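Novice:
Numbering (full-length UniProt numbering), first residue to last: 1 to 531.
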């Protein structure tokens, strides 16, 4: 059996060239490319970095990271969640070249995190919190893209997971509507919703048709008073030769290796980028139609290689990004070939067709992201989580609100705290089962302990034991228990020792003097793989 963290065999590589996968991955890669292109530029702009740096990061995230990653649908690129950190770090370190050194070092740290198997932390995030994060990202996508859809492009933070300015941007958009952008948006959304229903025609991906329509409508409107402005179009650098192309790259300043601030920035980037990657990976696995599970430790190492490469070539720090990844899933992507090809398209577009790319209106790209956002935050999801009970719905809903009001990491942290609260409350309420029987003048009380009895159950057990009336036979049964915390054991043994003063006879069944929690070691995992 193949280990999820191992390098795929030759047979495993064949799936990437199967016709049934390529016919999905190829059009999906074009959709992801069209979504990623303006996002790379917008994040670079928001980070205070050269626009070219955003494109370099997207190219590396597609070609390099996807090649090493074990995830089939995750797409990496410059992270909007890091924009504030990047902006402050460049100012703090004094130059962009010194900052690039910090990005390189962050990549090294991520590789080390992967080697020590720190990726398992992603398995401890409850599904309700992940679903809440996805729904919040969907809402933010909708709110952030409304200005572009309406023809107002003042604040392009793209897939930013911070709610700082999005409401004011929406209100500004309502004041400055652009009829041409609205027409393009409405037609684009109509195509995205209706086109897939025609099975024979859907060989041509709807988003590609939307982009073609956008370019055509832009040319038509140029001849009227509704012409789109320059800021309402995609913008990528136009280079006229190889020398000019090479001049766009930056190299890290290795002379600053002894600067402690560089190491602090590197550690900050490594930790935040790793957490965002693990959250995104968990979310992508949840929306994967095939329900594959991505190897998290391998993903951390792939991200580390990507960030090292990005730092060397003048790029920004990157993570696995849920917006690109969800666009990949919704467009029908099946394997990592889609992510790799999207990186290739970014590179080729930069080299050969920058003029054509700059003719794409942001309105049609906004339409693609509006539909993607709605799929992530659909009303049926809220209904589904509500019917699962308050212990699932409350962490889900609060995570949505917290992410909208703060940012991704803080919002998820709030959701995690609520999930832990409900977990502890459930754990405290269910430490045991009991049964009362009467035999003559004596009452028999059998207390059957739960499978896991933690120190949190100590208070509940103490209350019950102290309320047992005199002249009762008590049987405390631990036959179902795999673990009983030492504090609870002490309470039980002390109670048995002192119960005779009340005429209570205590019998202990299958209760050990101490319990050891078995560890899931590599040996156990290897044995399971041999089955």
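Don't be surprised by glycine CBs; every beta carbon is placed ideally from N, CA and C. The structure presented is a predicted model; accordingly, all values stated were derived computationally and were not measured.
Tell me the residue span of the beta strand (DSSP E) that contains residue 78.
Specialist: 76-78
Novice: When you compare the CB positions of residue 324 and residue 48, do they come within less than 7 Å of one another, or not?
Specialist: no
Novice: Contact check, residue 236 vs residue 41 under 8 Å by CB: the rounded distance?
Specialist: 7 Å
Novice: So is residue 110 buried or exposed if we call it buried at 16+ other beta carbons inside 10 Å?
Specialist: buried
Novice: Please report the straight-line C-alpha distance between residue 510 and residue 452, rounded to a whole angstrom.
Specialist: Straight-line measurement puts the Cα of residue 452 at about 14 Å from the Cα of residue 510.
Novice: Go ahead and label residue 163 buried or exposed: buried means 16 or more other beta carbons lie within 10 angstroms of its beta carbon, across all protein chains shown.
Specialist: Since pLDDT at residue 163 reaches only 45, below the 50 mark, its modelled position is unreliable, and the value read off the structure follows with that caveat. Label assigned to residue 163: buried.
Novice: Quick check: the Cα distance between residue 225 and residue 422, rounded to an integer number of angstroms?
Specialist: 59 Å
Novice: What's the gap between the Cα of residue 473 and the Cα of residue 497?
Specialist: 14 Å
Novice: Roughly how many whole angstroms lie between the Cα atoms of residue 373 and residue 132?
Specialist: 13 Å
Novice: In the DSSP assignment, what are the bridge partners of residue 472?
Specialist: Secondary-structure assignment with DSSP links residue 472 through a beta bridge to 443.
Novice: Would residue 83 be called buried (16 or more neighbouring beta carbons within 10 Å of its own) or exposed?
Specialist: buried
Novice: So the candidates are 57, 99, 466; which of them puts its Cα closest to the Cα of residue 255?
Specialist: Closest by alpha carbon: 99.
Novice: If we ignore side chains and look at the alpha-carbon of each, how far apart do residue 507 and residue 395 end up?
Specialist: 42 Å
Novice: Is residue 474 close to chain B, meaning its C-beta is less than 7 Å from at least one C-beta of that chain?
Specialist: Protein chain content of the structure displayed is limited to a single chain, and chain B is not contained in it.
Novice: Quick check on residue 385: does DSSP put it in helix, strand or coil?
Specialist: Three-state result, residue 385: helix.
Novice: Given a cut-off of 7 Å, decide if residue 381 and residue 142 are closer than it, judged by their beta-carbon atoms.
Specialist: no
Novice: DSSP has residue 98 in a bridge; who is on the other side?
Specialist: None, per the DSSP bridge assignment.
Novice: Whole angstroms are fine: how far does the CA of residue 337 sit from the CA of residue 312?
Specialist: 24 Å
Novice: So, helix, strand or coil for residue 320, using DSSP?
Specialist: The answer is strand: DSSP assigns residue 320 an E or B state.
Novice: What's the C-alpha gap between residue 293 and residue 123?
Specialist: Taking the straight line joining both Cα atoms gives about 11 Å.
Novice: Mind reading off the beta-carbon distance from residue 31 to residue 205? Whole number of angstroms is fine, and I expect it under 8 Å.
Specialist: 6 Å
Novice: Provide the residue span of the alpha helix (DSSP H) that contains residue 507, from first to last.
Specialist: Careful: residue 507 lies outside any alpha helix (DSSP H), inside the beta strand (DSSP E) at 505-509.
Novice: Could you name the residues of the same chain whose beta carbon sits closer than 7 Å to that of residue 392, not counting the 5 residues immediately before and after it, in chain order?
Specialist: These residues qualify, in order along the chain: 128, 385.
Novice: The alpha helix (DSSP H) spanning residue 288 covers which residue range?
Specialist: Taken as a continuous stretch (DSSP letters only), residue 288 belongs to no alpha helix (DSSP H), as it is neither H nor E.
Novice: Less than 7 Å between the C-beta atoms of residue 184 and residue 344, yes or no?
Specialist: no
Novice: By how many angstroms is the C-alpha of residue 469 removed from the C-alpha of residue 502?
Specialist: 8 Å
Novice: Taking residue 220 as the reference, which of 180, 251, 379 has the closest Cα?
Specialist: The option with the nearest alpha carbon to residue 220 is 180.
Novice: Under the DSSP definition of a beta bridge, which residues are partnered with residue 513?
Specialist: Partner(s): none; residue 513 has no beta bridge.
Novice: Under the rule that 16 or more other beta-carbon atoms within 10 Å means buried, what is residue 155, buried or exposed?
Specialist: At residue 155, the pLDDT of 47 sits below 50, so the modelled position is not reliable and the matter cannot be decided from this model.
Novice: Using the Cα positions of residue 414 and residue 397, report the straight-line distance between them to the nearest angstrom.
Specialist: 11 Å
Novice: Assign residue 269 to one of two classes, buried (16 or more other C-beta atoms within 10 Å of its C-beta) or exposed (fewer than that).
Specialist: So residue 269 ends up on the buried side.
Novice: For residue 107 versus residue 304, is the C-beta distance shorter than 7 Å?
Specialist: yes
Novice: Can we say the segment 58-76 touches the segment 206-220, given the rule of at least three CB pairs closer than 8 Å?
Specialist: no
Novice: Pick out whichever of 295, 72, 50 has its Cα sitting closest to the Cα of residue 250.
Specialist: Answer by Cα proximity: 50.
Novice: Using alpha carbons as the reference points, say which of 55, 58, 314 lies closest to residue 104.
Specialist: It is 314 whose Cα lies nearest to the Cα of residue 104.
Novice: Could you compute how far the alpha carbon of residue 72 sits from the alpha carbon of residue 281?
Specialist: 10 Å
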